[in-house]
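Heads up: the protein sequence lines correspond to chains A and B, in order.
Our numbering puts the first residue of the first sequence at 1, with every later residue one more than the last.
Our numbering puts the first residue of the second sequence at 218, with every later residue one more than the last.
There are 2 protein chains.
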Amino acid sequence: MQTLSTEDYLKAIYHVSQSSSGAVATTSIAKQIGAKPSSVTDMFKKLSDQNLVKYQKYQGVSLTNEGVKTALRIIRKHRLWESFLVSHLNFNWDEVHQVAEQLEHIQSEKLTNELERFLDYPTHDPHGDPIPNRALFMKTYNKILLNELPVNKEGVCVGVKDNSSNFLRYLDRRQIGIGTPLQVLHREDFDDSLHIQAGKSTLMITIKIAENIYVKP
Amino acid sequence: MQTLSTEDYLKAIYHVSQSSSGAVATTSIAKQIGAKPSSVTDMFKKLSDQNLVKYQKYQGVSLTNEGVKTALRIIRKHRLWESFLVSHLNFNWDEVHQVAEQLEHIQSEKLTNELERFLDYPTHDPHGDPIPNRALFMKTYNKILLNELPVNKEGVCVGVKDNSSNFLRYLDRRQIGIGTPLQVLHREDFDDSLHIQAGKSTLMITIKIAENIYVKP
DNA sequence: TAACAAATTTAGATATATCTAAATTTTATT
DNA sequence: AATAAAATTTAGATATATCTAAATTTGTTA
Ligand SMILES: [Mn+2]
Ligand SMILES: [Mn+2]
Ligand SMILES: [Mn+2]
Ligand SMILES: [Mn+2]
Chain A
1 MQTLSTEDYL KAIYHVSQSS SGAVATTSIA KQIGAKPSSV TDMFKKLSDQ
51 NLVKYQKYQG VSLTNEGVKT ALRIIRKHRL WESFLVSHLN FNWDEVHQVA
101 EQLEHIQSEK LTNELERFLD YPTHDPHGDP IPNRALFMKT YNKILLNELP
151 VNKEGVCVGV KDNSSNFLRY LDRRQIGIGT PLQVLHREDF DDSLHIQAGK
201 STLMITIKIA ENIYVKP
Chain B
218 MQTLSTEDYL KAIYHVSQSS SGAVATTSIA KQIGAKPSSV TDMFKKLSDQ
268 NLVKYQKYQG VSLTNEGVKT ALRIIRKHRL WESFLVSHLN FNWDEVHQVA
318 EQLEHIQSEK LTNELERFLD YPTHDPHGDP IPNRALFMKT YNKILLNELP
368 VNKEGVCVGV KDNSSNFLRY LDRRQIGIGT PLQVLHREDF DDSLHIQAGK
418 STLMITIKIA ENIYVKP
């Protein structure tokens with residue numbers, strides 16, 4: 001059986017490998033997990049012994065098929081729990097991550113599958129991230145960052161790149177959430193700021209904000 | 218912060234101290250937890266350092282006020298989760314214990330309190346055990362064991378003493394559960410077996426069964 | 001009460017996880 | 001290509017948890 005730490009490593013490797021190509025480097029995981037590189041090396045060896053990653057000294061790791069499956073099972077649980085917390089327990093989308101970080105380690109297939117049924121088979125979590133189904137398949141749709149949306153083209157917010165409380169609460173204050181219609185009215189070349197239409201209100205956001213909002217055109 | 222193991226020890230000490238008087242002995246906890254007495258001694262020292270138990274060498278432990286509170290907080294979570302699993306996730310009462318054993322360690326006051334609200338402030342878990350409320354107060358009612366119920370006196374099943382899957386499934390097969398009306402029709406002195414009325418059916422049970430069913434007269 | 005048995009504690013071994021600092025390998029730069 | 005810088009690994013230290021076996025204390029019985 002996996003230790004809690006093992007599971008967090010697999011998840012971290014999965015996420016890093018999604019956002020970059022090639023093998024996953026020791027330091028990138030060290031940063032993500034908050035551990036020293038030497039500890040990461042130890043874990044890489046351990047995971048390699050269990051055939052969850054392919055590891056070559058000095059060359060980083062990549063997940064094996066079994067490793068991907070294990071990571072997706074944790075991510076599935078994480079996102080299902082986040083959905084539950086928001087939809088039934090009055091959590092705000094910026095409060096769920098820390099708790100889901102614990103709940104994702106609960107070992108019970110029946111629990112996971114029944115939770116999924118209870119939530120009526122959600123496909124996306126409160127941050128717009130796709131939830132792997134029982135077969136670990138995820139429905140992903142074409143999404144682009146808000147700053148890539150052509151001026152005056154209509155889009156809908158379908159997710160966020162940055163999941164930090166700070167950013168999510170900023171969006172709350174601007175009344176931007178999953179499902180909010182978004183449109184770029186004007187792009188100010190001088191400072192890269194954007195004039196946007198968000199739902200019924202128009203407002204001004206910086207490029208940094210726009211780079212963390214996913215929209216479906 | 219508590220380690221998972223610490224929490225299980227506190228819970229074990231609480232339960233043992235409920236079912237016996239005086240200090241809690243090293244071996245009794247060793248049996249409950251499935252550890253060696255020497256390990257238990259180590260933990261007793263650790264808990265004592267944290268002022269969660271009063272410990273005197275060779276004399277066992279007793280929980281301090283803080284220790285009782287900590288134990289009750291875990292028990293509160295355990296029983297709330299058991300209730301959730303049965304009421305919303307299609308778990309049977311004999312399947313919930315192992316999962317609740319994990320869920321009880323999730324650290325989030327908001328989660329616990331919102332779960333309680335979501336379940337509409339239940340006072341008892343699926344086994345009839347009382348759930349401590351937010352102030353850690355438990356509603357207990359007068360209950361006796363079925364074998365102490367006078368012949369022909371009417372009672373209602375309000376709990377079970379043995380929580381094992383084996384026993385709970387036995388009760389399922391006999392259609393005895395929380396709320397089932399029970400009555401002792403005849404007590405066979407020769408082998409201490411009992412003829413009982415359970416709901417609409419009459420059946421015969423051994424003394425061992427009767428000693429594990431709580432009834433409210 | 002002396003002697004034995006049972007319970008408990010202590011001492012020391014083993015296993016695991018993570019760190020620091022040194023050594024090694026890879027990558028980038030001149 | 002040689003050298004410097006960065007990344008990674010190794011070696012060894014520290015901390016924690018749990019065990020076995022021996023020593024100690026307590027409880028029981030002749
Ligand atoms: Mn986690
Ligand atoms: Mn999420
Ligand atoms: Mn537990
Ligand atoms: Mn219970």
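The beta-carbon is built from N, C-alpha and C at its ideal position, and this holds for glycine as well.
For clarity, every value in this text was computed on a predicted model and none was experimentally measured.
Of the residues the options, the one placed nearest residue i, counting alpha carbons only
i: A:VAL215; options: A:PHE91, A:HIS127 and A:HIS97; result: A:HIS127
i: B:SER410; options: B:ARG390, B:GLY376 and B:VAL368; result: B:VAL368
i: A:GLN56; options: A:LYS36, A:GLU95, A:VAL86 and A:VAL24; result: A:VAL24
i: A:GLN59; options: A:SER5, A:TYR9 and A:LYS45; result: A:LYS45
i: A:HIS105; options: A:TYR9, A:ASP94, A:LYS139 and A:LYS208; result: A:TYR9
i: A:VAL16; options: A:ASN113, A:VAL61, A:MET43 and A:LEU52; result: A:VAL61
i: A:ALA30; options: A:SER21, A:MET43, A:SER19 and A:GLN18; result: A:MET43
i: B:SER418; options: B:LYS327, B:VAL270, B:VAL303 and B:GLN392; result: B:GLN392
i: A:LEU185; options: A:VAL86, A:ASN113, A:ALA210 and A:TYR14; result: A:ALA210
i: A:LEU89; options: B:HIS314, B:ASP346 and B:LEU328; result: B:LEU328
i: B:GLU365; options: B:ASN282, B:ILE413, B:ARG290 and B:SER238; result: B:ILE413
i: B:ASN429; options: B:GLY251, B:SER238 and B:LEU385; result: B:LEU385
i: A:LEU203; options: A:LEU80, A:HIS97 and A:LEU171; result: A:LEU171
i: A:PHE137; options: A:THR41, A:GLY22 and A:ALA71; result: A:ALA71
i: A:THR206; options: A:GLY34, A:ALA198, A:GLU188 and A:VAL160; result: A:GLU188
i: A:SER108; options: B:LEU332, B:GLU312 and B:LEU336; result: B:GLU312
i: A:THR218; options: A:SER19, A:ILE33 and A:GLN18; result: Here chain A covers residues 1 to 217 and nothing more, so residue 218 of chain A does not appear.
i: B:GLU331; options: A:PRO217, A:GLU114 and A:VAL99; result: A:VAL99
i: B:THR340; options: B:ARG296, B:LEU320 and B:LYS370; result: B:ARG296
i: B:ASN383; options: B:SER304, B:HIS314 and B:LYS370; result: B:HIS314
i: A:VAL53; options: A:GLY199, A:ASP191, A:ILE75 and A:TYR14; result: A:TYR14
i: A:ASP162; options: A:ALA35, A:GLU66, A:GLU154 and A:LYS208; result: A:LYS208
i: A:GLY179; options: A:GLU154, A:PHE190 and A:ASN65; result: A:GLU154
i: B:ILE292; options: B:SER304, B:THR281 and B:LEU320; result: B:LEU320
Simplified DSSP assignment, three categories, for residue i
i: A:LEU52; result: coil
i: A:ILE205; result: strand
i: B:LEU336; result: coil
i: B:ILE246; result: helix
i: B:ARG404; result: strand
i: B:TYR226; result: helix
i: B:GLN276; result: coil
i: B:PRO254; result: helix
i: A:LYS200; result: coil
i: B:GLU295; result: It should be noted that the sequence gives His, not Glu, for residue 295 of chain B. B:HIS295: helix per DSSP, three-state reduction.
i: B:HIS341; result: strand
i: B:SER236; result: coil
Beta-carbon neighbours of residue i, restricted to chain B and to distances below 8 angstroms
i: A:SER108; result: GLN315, VAL316 and GLN319
i: A:LEU63; result: Near A:LEU63 there are no residues of chain B at all, since even the closest Cβ is about 25 angstroms away, more than 8 angstroms.
i: A:LEU182; result: Result: empty, since nearest Cβ-Cβ is about 31 angstroms, beyond 8 angstroms.
i: A:LEU220; result: Outside the shown range of chain A, which is 1 to 217, sits residue 220 of chain A, and nothing can be said about it.
Burial state of residue i, where buried means 16 or more other Cβ atoms lie within 10 Å
i: B:SER255; result: exposed
i: B:TYR358; result: exposed
i: B:PRO349; result: buried
i: B:ALA352; result: exposed
i: B:THR244; result: exposed
i: B:ARG334; result: exposed
i: B:ASN268; result: exposed
i: B:PHE301; result: buried
i: B:ASP266; result: exposed
i: A:PHE91; result: buried
i: A:GLN183; result: buried
i: A:GLU82; result: buried
i: B:LYS294; result: buried
i: B:ARG290; result: buried
i: B:SER238; result: exposed
i: A:ASP120; result: exposed
Contacts that residue i makes with chain A (C-beta to C-beta distance below 7 angstroms)
i: B:HIS305; result: PHE118
Chain-ordered neighbours of residue i on chain B, where CB pairs are closer than 7 angstroms
i: A:GLU114; result: LEU306 and ASN307
i: A:LEU168; result: Simply none; closest approach about 16 angstroms.
i: A:LEU72; result: Chain B residues near A:LEU72: none, gap ~20 angstroms exceeds 7 angstroms.
i: A:LEU145; result: Those do not exist, as A:LEU145 stays about 32 angstroms from chain B at its closest Cβ, beyond 7 angstroms.
Listed by chain order, chain B residues near residue i by CB distance under 9 angstroms
i: A:LEU194; result: By Cβ distance, chain B contributes nothing, its closest Cβ being about 35 angstroms from A:LEU194, past 9 angstroms.
Per-residue contacts from residue i into chain A (C-beta, under 8 angstroms)
i: B:LEU297; result: Within 8 angstroms Cβ-Cβ: nothing; B:LEU297 doesn't reach chain A, min ~12 angstroms.
* Asked: Considering only residues of the stretch 299-324 of chain B, which uninterrupted alpha helix (DSSP H) runs meet the minimum length of 4 residues and lie entirely inside it, listed in chain order?
  -> The qualifying runs are 313-320.
* **Secondary structure, alpha helix (DSSP H): runs of 4+ residues fully inside the stretch 346-392 of chain B** => Here the runs fully enclosed are 382-390.
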